[in-house]
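Trainee: In short: position in the sequence shown from 1, add 3, done, that's the numbering used here.
A single structure is presented below for examination.
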Amino acid sequence: MTPTMEAYQSAKDHKILDWLRLSINLNEMKSCLAQGYPFTFGAELFDSFGQAIRSGVVPMPSAAEL
């Protein structure tokens with residue numbers, strides 16, 4: 004899945020200028036949100052993850068993906 008050109012254009016006005024690592028702690032995350040600081044996370048996904056769009060099931064990665 005690739006973002007649209009419109010999404011890329013819109014993103015130009017929303018660049019991350021600085022970042023901090025958060026602990027995996029619900030209270031710390033709630034505190035960030037209460038102070039107006041959003042947060043996000045990233046995860047490395049295998050190509051087979053995209054199959055969930057059609058089936059709703061995320062299959063185990065194939066040997067080639069490992």
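No residue lacks a Cβ here, since even glycine has one placed at the ideal position from N, Cα and C.
1) Compare the Cα-Cα distances from Leu-23 to each of Asp-50, Glu-31 and Asp-16 and report the closest residue.
2) Locate the alpha helix (DSSP H) running through Tyr-11, then write down its first and last residues.
3) Taking the alpha-carbon positions, what's the Thr-43 to Pro-62 distance?
Mentor: Well, looking at it:
1) If we check each option's Cα against that of Leu-23, Glu-31 comes out closest.
2) For Tyr-11, the enclosing alpha helix (DSSP H) stretches over residues 8-14.
3) As the crow flies, the alpha-carbon of Thr-43 is around 25 Å from that of Pro-62.
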